[in-house]
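Single-structure report; data block below.
Protein chains in written order, with this note's numbering: chain A, 8 to 325; chain B, 3 to 199.
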């Protein structure tokens, strides 16, 4: 009896996420195979370009993974706060961490009027949870708790790690396009003397990389949206109050649309880890494909499902 | 959390560990012998209420169950108090005589089982049992459901948001063999003004 649970995983979401990750993997394998194929077919010396792209891309990803907390904090101009400085905020996080049995992340406040929150860091020991002044001012206590639970879910799901690994391919492909372009510009003459085919390789690598970059970019955005939904869901289950998170979302997105675009653009670099995207999207289908966050309607819909699940009478489950 | 859960972004809500609570009466005796702190007879269960009628119904049932012994001849049971704190958590406070540690722990355990059996186990936050010494200093042992561990909490009387860390460390030493004490000090989160304290 005690073993039954109201907290069943959302199978549909799991399936969609698996499919997205499978496709990403597929693109990755195809990309590597194509590059190797092109290189072996022509015995080219341009392997160096690919080697550099891999090292450079991998290095960038590694650094951003390791220093994600510091980078994000300084980009947001945020400052870490002690329990004495922000007792209420710390107390809410304390309780949520005790409920979820997870390590408490560091807590920071960004002096921005834009109502938003983000969590970053490669694992729960090294993560930091940041909220903006605007969020603290605008939200009621229970709404703030909902938002914090959403962010803590990102930490628990290791979203920073997952998204970094997922974007590794896109970073490398993007670099390859750039490197290939430059080597075409500056080194074209030397190569054509020893191999006739070589003139073709570089543009070919460039083309393949560009296509791979475009596809993986879309897939990563898709994955990011699914992970937002997953964090919404886990956060709402943790607090047991899906409606608080829903009203916080409505407040944040509603207030967002009144803020001038100039401020918003300055905040854009942090988008991927924010609670709501700091960009004005008018719900057009094309904008949806590119956005890191699902639409407000979609998020509210999913939260309503959680609400129904939590309210089920116990007998149904037994 | 397994690697699959990480990949798919799911968190399984953590189920509470309940049975360790029964170590409390023994620990209370040990605590009294070593530090002079005696149980006040009140204890409380703190949980996060879930929105909707189902959870409300369960909460009502639990209350009725605990109030059953109230007012009966030969029973010293006092009514259960329910309070909601500033953080949105609900506290069920059970009051007993100071020598009725067993009865108190049984009451607290009944709340846990009622919630867990109805599938709301993950909502349990902590249980708190209050103590006082001769100088009326407040002290509490807090049980963390998700970790199955206890930690001491000693707010300094008359001083806002200050805790007596020395006393807490002393109690940790005293009870190390009686209770599973939370070893990660970062998880000894304070519960200022907790009902029943």
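Cβ atoms here follow ideal geometry from the backbone N, Cα and C, with glycine treated the same way.
Predicted, not measured: the structure shown is a model, and the values here were computed from it.
Taken in chain order, the complete alpha helix (DSSP H) segments of 4 residues or longer contained in the stretch 95-163 of chain A are 140-145 and 148-163. The beta-carbon of residue 134 (chain A) is placed no less than 8 Å from the nearest beta-carbon of chain B. The Cβ atoms of residue 170 (chain A) and residue 71 (chain A) do not sit closer than 8 Å to each other. Membership of residue 83 (chain B) in the beta strand (DSSP E) is indicated by the continuous run 83-86.
Beta-bridge annotation (DSSP): residue 224 (chain A) is not paired with any residue.
Around residue 319 (chain A), the beta-carbon contacts reaching into chain B at under 8 Å are 56. With respect to residue 163 (chain A), residue 109 (chain A) sits close: the two C-beta atoms are nearer than 8 Å. Counting only Cβ-Cβ distances below 9 Å, residue 133 (chain B) has no contacts in chain A at all, with the closest Cβ about 21 Å away. DSSP places residue 179 (chain B) in the coil class of the three-state scheme, outside both helix and strand.
Our two residues, residue 59 (chain B) and residue 85 (chain A), have alpha carbons roughly 44 Å apart in a direct line. Contact annotation: residue 173 (chain A) and residue 31 (chain A) have beta-carbon atoms nearer than 8 Å. In summary, residue 39 (chain B) is buried, with 16 or more beta-carbon neighbours lying within 10 Å of its beta-carbon over all protein chains present. Contact annotation: residue 127 (chain B) and residue 102 (chain A) have beta-carbon atoms nearer than 8 Å. For residue 90 (chain B), the chain A residues whose C-beta falls within less than 7 Å of its own C-beta are 148, 149 and 152, listed in chain order.
Closest option to residue 111 (chain B), judged by alpha-carbon separation, among B:27, B:199, B:14 and B:8: B:27. Around residue 180 (chain B), no beta-carbon contact reaches into chain A at under 8 Å, the shortest distance being about 22 Å. Using a CB distance cut-off of 8 Å, residue 238 (chain A) counts as an interface residue toward chain B. By the rule that beta-carbons nearer than 8 Å mark a contact, residue 30 (chain B) does not touch chain A. Taking every protein chain shown into account, the CB of residue 171 (chain B) has fewer than 16 other CB atoms within 10 angstroms, so this residue is exposed. Contact between residue 310 (chain A) and residue 253 (chain A) holds, since their C-beta atoms are separated by about 5 Å, short of 8 Å. Boundaries of the alpha helix (DSSP H) harbouring residue 75 (chain A): 75-83, taken from the DSSP string.
A Cβ-Cβ contact shorter than 8 Å links residue 52 (chain B) with residue 247 (chain A). From the listed residues A:116, A:221, A:33 and A:80, the smallest Cα separation to residue 144 (chain A) is found for A:116.
Beta-bridge annotation (DSSP): residue 45 (chain B) is paired with B:96 and B:131. Beta-bridge annotation (DSSP): residue 154 (chain B) is paired with B:143.
With 16 or more other Cβ atoms inside 10 Å of its own Cβ, residue 24 (chain A) counts as buried. The beta carbon of residue 163 (chain B) falls within 8 Å of a beta carbon belonging to chain A, placing the residue at that interface. Sequence-distant Cβ neighbours of residue 153 (chain B) in its own chain, meaning closer than 6 Å and more than five residues away, are 144, 184 and 190.
Each residue's CA atom was taken as its position, placing residue 167 (chain B) and residue 176 (chain B) some 14 Å apart. Chain-order list of chain B residues neighbouring residue 248 (chain A): 50, 51, 52, 53 and 90, by C-beta distance under 9 Å. Residue 69 (chain A) sits exposed, since fewer than 16 C-beta atoms from the chains shown fall within 10 Å of its C-beta. Using beta-carbon distances, residue 108 (chain A) counts as an interface residue toward chain B, with a partner under 8 Å. A contact is defined here as three or more CB-CB pairs under 8 Å, and the stretch 118-133 of chain A fails this definition with respect to the stretch 53-64 of chain A.
If you draw a straight line from the Cα of residue 117 (chain B) to the Cα of residue 156 (chain B), it is about 28 Å long. Check the Cα spacing between residue 148 (chain A) and each of A:250, A:60, A:214 and A:22: the tightest is with A:250.
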